[in-house]
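Report on one structure; see the data block that follows.
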Amino acid sequence: MIFTVLTLFPDIFQSPLQASIIKKASDKELIRFNIIDIRDFAGDVHKTCDDKPYGGGPGMVMKIEPIYRAMEFVETTYGRPRYVLLTPQGRPFDQATAERYGRLAHICLVCGRYEGVDERVIDCVDEEVSIGDYVLSGGEIPALVLIDAISRIIPGVVGNEGSVVDESFKEPLLEYPQYTRPEAFMGMEVPPVLLSGNHEEIRRWRRKEAIRKTLLKRPDLMNRFTPTEEDGRFIREIMEEIPG
Ligand code: 6GU
C-alpha cells in the first residue's frame, strides 16, 4: 500500500516513519511512503502556500493552487489515490475507517493547518477525517495516527498475526490485564490463575476481566457489545462484586 502525504512540514514525518513496526513494514515493502512538500508546488518566487481569508478575519488560509498542483503530480505518477483531508471538521476516525482504508492500494493524506484550507480543497478530496475533539496545529500528527492504525491492519505488518486480531475493536472490549515477570513486585502480585497452567480457567478469567475493564473504564463501548450467555454471567458476577 502507498501512503502519499501532502504537507507543509515534511520534516515531521521523518523519525516517526523510521522506527519500529512502520520501519520494518516499509523495509519489507508492504507499505511505501511518499512525503510531498506542498511548497514545492507553489507558483511564485516566495513559494506562498497560505494567504489572508477573503472577507477578513484572523489567521491564514491554505491556498488551493499548490495543493491542486501537488495532486496533479501524484496522479500523473501513480494514478488517482483516495484523497483524505485531515481536519477537525472531519468524520471521527475509528477502527472501521482504518480497516476500510487498509483495503486501498493508495491513500493520499492531505494535511490541513488548523486555521483552515480554502473550501475548494474540500471539494477536491474524497473525505475529511478528524482524530478527535481537541485542537491540533495541523493535520500532520493526525496523518501519522492514520498511517499507524492502517499499517498494522495490512497482512504481514505486525509480526504475530494473532495479536492484531486480539487487539481489534471488532470485539468492542478493552484488552484483559497482562503481566510478566516477576511474580511479585513491591507486594503487588500476579493473579494466581495466570500461573496455574489451566488454559480454560485462564481464558475465562481473561474474558471476565476484559469485560470488567470495559464496564469500569469505557462503559460507552458496551453499547456495541453483544454478550454471549457466558459473557452475561460474567457481567452479573462483576455487578455483584462492585461494592455498594
Ligand atoms: Cl485532523 N487536524 C487538526 N488540526 N486538529 C485536529 C484534528 C485534525 N483532529 C483532531 N484535532
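Numbering-wise, the sequence shown is residues 754 to 997 according to the numbering used here. Note that beta-carbon positions come from the ideal geometry of N, C-alpha and C, so glycine has one too.
Beta-carbon separation (whole angstroms), Leu839 vs Ala896, contact threshold 8 Å: Indexing the sequence shown from 1 puts residue 839 at position 86. Indexing the sequence shown from 1 puts residue 896 at position 143. Right, the Cβ-Cβ distance comes to about 5 Å (below 8 Å), so this counts as a contact.
Backbone secondary structure at Met813 - three-state DSSP: The residue given as residue 813 occupies position 60 in the sequence shown. Coil at Met813, not helix or strand.
First and last residue of the uninterrupted beta strand (DSSP E) at Cys861: Working through the sequence shown from its first residue, we reach residue 861 at position 108. Note, Cys861: beta strand (DSSP E), 859–864.
Glu852 versus Lys777: straight-line alpha-carbon distance, rounded: Within the sequence shown, the letter at position 99 stands for residue 852. Within the sequence shown, the letter at position 24 stands for residue 777. Rounded to whole angstroms, Glu852 to Lys777 spans 20 Å at the Cα level.
DSSP three-state assignment for Asp919, whether helix, strand or coil: Position 166 of the sequence shown, counting from 1, holds the residue named residue 919. For Asp919, the predicted model reports a pLDDT of 43, less than 50, meaning its position is unreliable; a value from the coordinates is still stated below. Asp919: helix per DSSP, three-state reduction.
Rounded straight-line distance, which links the Cα of Phe756 to that of Ile788: Numbered from its first residue, the sequence shown carries residue 788 at position 35. Numbered from its first residue, the sequence shown carries residue 756 at position 3. Their backbone Cα atoms lie some 8 Å apart in a straight line.
Reduced DSSP category for Glu942 - H, G, I as helix; E, B as strand; rest coil: For the purposes of this step, residue 942 is taken as the residue at position 189 of the sequence shown. Strand, per DSSP.
Whole-Å CB distance - Val888 paired with Pro841, under 8 Å assumed: The sequence position of residue 888 within the sequence shown is 135, counting from 1. The sequence position of residue 841 within the sequence shown is 88, counting from 1. 7 Å between Cβ atoms; contact.
Start-to-end residues for the beta strand (DSSP E) that takes in Gly843: Position 90 of the sequence shown, counting from 1, holds the residue named residue 843. Taken as a continuous stretch (DSSP letters only), the beta strand (DSSP E) holding Gly843 covers 835–845.
Cβ-Cβ distance between Phe786 and Leu770 below 7 Å: Locating residue 786 in the sequence shown gives position 33, where the first residue counts as 1. Locating residue 770 in the sequence shown gives position 17, where the first residue counts as 1. A contact, by the Cβ cut-off of 7 Å.
Sufficient close CB pairs (3 or more, under 8 Å) joining the region 852–870 to the region 801–813: yes
Check: Thr850 C-beta below 6 Å from any heavy atom of the ligand 6GU: Residue numbering aside, residue 850 sits at position 97 when the sequence shown is read from its first letter. No; taking the cut-off as 6 Å, the Cβ of Thr850 has no heavy atom of the ligand 6GU nearer than that.
Extent of the continuous alpha helix (DSSP H) run through Phe987: In the sequence shown, the residue the question calls residue 987 occupies position 234. Residues 982–994.
Element boundaries [alpha helix (DSSP H), containing Arg957]: Here residue 957 refers to the residue found at position 204 of the sequence shown. Residues 952–970.
Cβ-based burial, Arg986 [other Cβ within 10 Å; buried from 16]: As a working note, residue 986 is residue 233 in the sequence shown. Label assigned to Arg986: exposed.
Assumed close pair Arg856, Ile817 - CB separation to whole angstroms, cut-off 8 Å: Walking along the sequence shown from the start, residue 856 turns up at place 103. Walking along the sequence shown from the start, residue 817 turns up at place 64. No, Arg856 and Ile817 are not in contact; Cβ-Cβ is about 29 Å, not under 8 Å.
CB-CB length for Arg792 against Leu761, believed under 8 Å: For the purposes of this step, residue 792 is identified with residue 39 of the sequence shown, where counting begins at 1. For the purposes of this step, residue 761 is identified with residue 8 of the sequence shown, where counting begins at 1. Their Cβ separation, rounded to whole angstroms, is 6 Å, which keeps Arg792 and Leu761 in contact under 8 Å.
For Gly796, three-class secondary structure by DSSP: The residue you call residue 796 lines up with position 43 of the sequence shown. Of the three classes helix, strand and coil, the one that applies to Gly796 here is coil, per DSSP.
Sub-7 Å separation of Arg960 and Ile991 beta-carbons: Here the question's residue 960 lines up with position 207 in the sequence shown. Here the question's residue 991 lines up with position 238 in the sequence shown. No, Cβ-Cβ distance for Arg960 and Ile991 is not below 7 Å.
Local Cβ density within 10 Å of Phe766, reported as buried at 16 or more and exposed below that: Locating residue 766 in the sequence shown gives position 13, where the first residue counts as 1. Buried.
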